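If you use this note's numbering, the sequence shown corresponds to residues 284 to 773, in order.
Ideal Cβ positions, reconstructed from N, Cα and C, are used throughout, including at glycine.
Note that the structure is predicted; figures quoted are calculated from it, not measured.
Take a look at the structure below.
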Amino acid sequence: MAQAPSLASLGLAEARAGLLKKEFSARELAEACLDRVSETEPLISACLHVFRDEALREASLLDAAGPKAERILWGLPVTVKDVYLARGAPTTAGSRMLKGYVSGYEAEVVTRLRRAGAVLCAKTNLDEYAMGSSTEFSAFRPTRNPWDLSRVPGGSSGGAAAGISARQAPGAFGTDTGGSIRQPAALCGCVGLKPSYGRVSRYGIVAYGSSLDQAGPLARSVSDCGLLLAAVAGPDGKDSTSSRIPPEDYASLSPPEPGRLRFALPRELWEARFDPETEKVLRAALRLLEGAGASLEAVPMPALRFSVAAYYVLAAAEASTNLARYDGVRYGYRAPEKSDLLGLYRGSRTAGLGREARRRILLGTFALSSGYYDAYFRKAAQVRRLIHDAFSGVYKGFDFILAPVSSVPAWPLGSFTDDPLTQYQLDMMTLPLNLHGGPGLSLPAGLGGDGLPVGIQILGPAFREKPLLEAGLLLEGLFPRLPEPPLKAL
Ligand code: GLN
Numbered sequence: 284m285a286q287a288p289s290l291a292s293l294g295l296a297e298a299r300a301g302l303l304k305k306e307f308s309a310r311e312l313a314e315a316c317l318d319r320v321s322e323t324e325p326l327i328s329a330c331l332h333v334f335r336d337e338a339l340r341e342a343s344l345l346d347a348a349g350p351k352a353e354r355i356l357w358g359l360p361v362t363v364k365d366v367y368l369a370r371g372a373p374t375t376a377g378s379r380m381l382k383g384y385v386s387g388y389e390a391e392v393v394t395r396l397r398r399a400g401a402v403l404c405a406k407t408n409l410d411e412y413a414m415g416s417s418t419e420f421s422a423f424r425p426t427r428n429p430w431d432l433s434r435v436p437g438g439s440s441g442g443a444a445a446g447i448s449a450r451q452a453p454g455a456f457g458t459d460t461g462g463s464i465r466q467p468a469a470l471c472g473c474v475g476l477k478p479s480y481g482r483v484s485r486y487g488i489v490a491y492g493s494s495l496d497q498a499g500p501l502a503r504s505v506s507d508c509g510l511l512l513a514a515v516a517g518p519d520g521k522d523s524t525s526s527r528i529p530p531e532d533y534a535s536l537s538p539p540e541p542g543r544l545r546f547a548l549p550r551e552l553w554e555a556r557f558d559p560e561t562e563k564v565l566r567a568a569l570r571l572l573e574g575a576g577a578s579l580e581a582v583p584m585p586a587l588r589f590s591v592a593a594y595y596v597l598a599a600a601e602a603s604t605n606l607a608r609y610d611g612v613r614y615g616y617r618a619p620e621k622s623d624l625l626g627l628y629r630g631s632r633t634a635g636l637g638r639e640a641r642r643r644i645l646l647g648t649f650a651l652s653s654g655y656y657d658a659y660f661r662k663a664a665q666v667r668r669l670i671h672d673a674f675s676g677v678y679k680g681f682d683f684i685l686a687p688v689s690s691v692p693a694w695p696l697g698s699f700t701d702d703p704l705t706q707y708q709l710d711m712m713t714l715p716l717n718l719h720g721g722p723g724l725s726l727p728a729g730l731g732g733d734g735l736p737v738g739i740q741i742l743g744p745a746f747r748e749k750p751l752l753e754a755g756l757l758l759e760g761l762f763p764r765l766p767e768p769p770l771k772a773l
């Protein structure tokens, strides 16, 4: 595969500078990205819907009015995961259930992106209803990893991460309920930010686990993630869980003095069993950071050992409630008319929802049912509180928590599709953050000897995304820069 054409390879900040100086037009930039989409889609299948005509039309309109520096994403191509409603466009959430569904309103994030001047180019592939870690549970097709086409891109925002890595667009939005932004970012070698719960509006985003879901950006650099966050962050009256704490200025970041930073390294995560290549890259990253003068200290966080168990009860419980609305009557897929109502529900949900989504609904319904509620849901909620307190305790003595994102690199397609428990276990590094609620930034730590990217994550106190991004800037400067992915099977 040829290298991406130069305009499609530009990051958001560089492209923004070029647009404002009129070195190229918004239409030329959109065209370069959309051409790259056409060239790479047959290899990676990152997109579920591509808006070529609409995007070019939008870019031409922007050009006609002239660059506007106050719109921080002016003329910049972005994608959104196919759980964000966009007016007049289809939204499937990766499910047959919503095939053909076109929303009459739009996610607040999409509205704010448009207001900031962004050009929406595509909606990206995901595991059905964002339930999964590999994008193989998409009802339509799996997405492939640009670093090795025989491997998964991670998930559930796998299309977003693969598209960023393959230079289809310089910015993307995903959602992170238990790692779905940070883990695919790590496996595809890009940067992904899960903001604090409540930092970004969830209005108009298809719900999975409502107390855990958070929207956030993916890009090829930390500062580009800052630009994307700046465009969408802040209170929204249409989402009662959005926070009124005013956003910080995420668009102008400067790296902190490393000698002042104290990082906590949770033992429970760093002492996990790692793929040896992954561990080598992570240890080298820690040495670089220590060499720069930062202080790194192992800390016990015993409650983290229960995060997989607690998360999969809580997320499944919320999913079973959220997905009850897909009854074959109000949305999308409806089974051929049955004589009775129960038959219609059963037929529609059995044929409309995939295996993993049905498994989560059953698990969640069980955990919430009377007689089991105390044993499962209530217990899990208590563990969540312990994990929250463990984070708060650590932040009293440290600026940030530093953790791996995944103990393994991208795995070959099909490895775990019949082994859900193993796949759930692989989420152990990302789930604690969602149970805490604070922000986390995943960025590339380097390439393993097998040529696959390895990610590391910095976690920080709630609503302090700016210092988190600034610490990310420091790490990004220390760690090796990744080349463009080869876009072939290894
Ligand atoms: N892999 C986790 C799950 O399947 C997280 C998914 C997500 O963050 N949306 O639930």
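Asked, Found
"If you scan the segment 500 to 578 from start to end, which runs of the beta strand (DSSP E) of 3 or more residues do you find wholly inside it?", "545 to 549"
"For the alpha helix (DSSP H) containing residue 651, name the first residue and the last one.", "638 to 651"
"For a quick check, are the C-beta atoms of residue 466 and residue 705 less than 8 Å apart?", "no"
"Rounded to the nearest angstrom, how far is the Cβ of residue 723 from that of residue 745, given a contact under 8 Å?", "No, residue 723 and residue 745 are not in contact; Cβ-Cβ is about 11 Å, not under 8 Å."
"Hey, quick one: how far does the alpha helix (DSSP H) through residue 403 stretch, first residue to last?", "No alpha helix (DSSP H) contains residue 403, which is instead part of the beta strand (DSSP E) from 402 to 407."
"Any heavy atom of ligand 1 closer than 7 Å to the beta-carbon of residue 604?", "no"
"Closer than 7 Å: is that where the CB of residue 463 sits relative to any heavy atom of ligand 1?", "yes"
"With burial defined as no fewer than 16 other Cβ atoms inside 10 Å of the residue's Cβ, what is the status of residue 759: buried or exposed?", "buried"
"Can you grab the Cα-Cα spacing for the pair residue 377 / residue 412, in whole Å?", "6 Å"
"Look at the Cβ atom of residue 598, then the Cβ atom of residue 475, and state whether they are nearer than 8 Å.", "no"
"Give every residue of the same chain whose Cβ lies closer than 6 Å to the Cβ of residue 380, excluding the five residues on either side of it in the sequence, and list them in chain order.", "609, 615, 616, 635 and 636"
"Could you spell out the range, first to last residue, of the alpha helix (DSSP H) harbouring residue 665?", "662 to 680"
"Is the beta carbon of residue 590 within less than 7 Å of some heavy atom of ligand 1?", "no"
"DSSP three-state label for residue 609, please.", "coil"
"Assign residue 702 to buried or exposed, taking buried as 16 or more other Cβ atoms, counted over all protein chains shown, within 10 Å of its Cβ.", "exposed"
"Just checking, does the segment 516 to 527 make contact with the segment 477 to 487 on the three C-beta pairs under 8 Å criterion?", "yes"
"Consider the C-beta atom of residue 738 and the heavy atoms of ligand 1; say whether any pair is separated by less than 7 Å.", "no"
"Which residue wins for smallest C-alpha separation from residue 420, given the options 317, 438 and 456?", "438"
"Are the Cβ atoms of residue 391 and residue 563 separated by less than 8 Å?", "no"
"So, for residue 773: in the same chain, excluding its five sequence neighbours on each side, which residues have a beta-carbon less than 6 Å away from its beta-carbon?", "431"
"By how many angstroms is the C-alpha of residue 542 removed from the C-alpha of residue 425?", "44 Å"
"Could you spell out where the alpha helix (DSSP H) holding residue 316 opens and where it closes?", "309 to 327"
"Considering only C-alpha positions, which residue in the set 445, 398 and 545 is nearest to residue 502?", "445"
"So what does residue 265 bridge to, in DSSP terms?", "Coverage of the chain is limited to positions 284 through 773, which leaves residue 265 absent and any answer about it impossible."
"Apart from the five residues on each side of it in sequence, which residues of its chain come closer than 7 Å, Cβ to Cβ, to residue 519?", "391, 484, 486 and 525"
"I want to check one thing, is the minimum distance from the CB of residue 236 to the heavy atoms of ligand 1 below 7 Å?", "Beyond the ends of the chain as shown, which are 284 and 773, falls residue 236; an answer cannot be given."
"Spell out the partners DSSP gives residue 737 in its beta bridges.", "729"
"If contact is defined by three or more beta carbon pairs under 8 Å, each pair taking one atom from either stretch, is the segment 396 to 414 in contact with the segment 312 to 323?", "yes"
"May I ask whether a heavy atom of ligand 1 can be found less than 7 Å away from the beta carbon of residue 598?", "yes"
"In this structure, what does DSSP give as the bridge partners for residue 456?", "363 and 500"
"What would DSSP say about residue 262, mapped onto helix, strand or coil?", "Outside the displayed range of the chain (284 to 773) lies residue 262, so it cannot be described from this structure."
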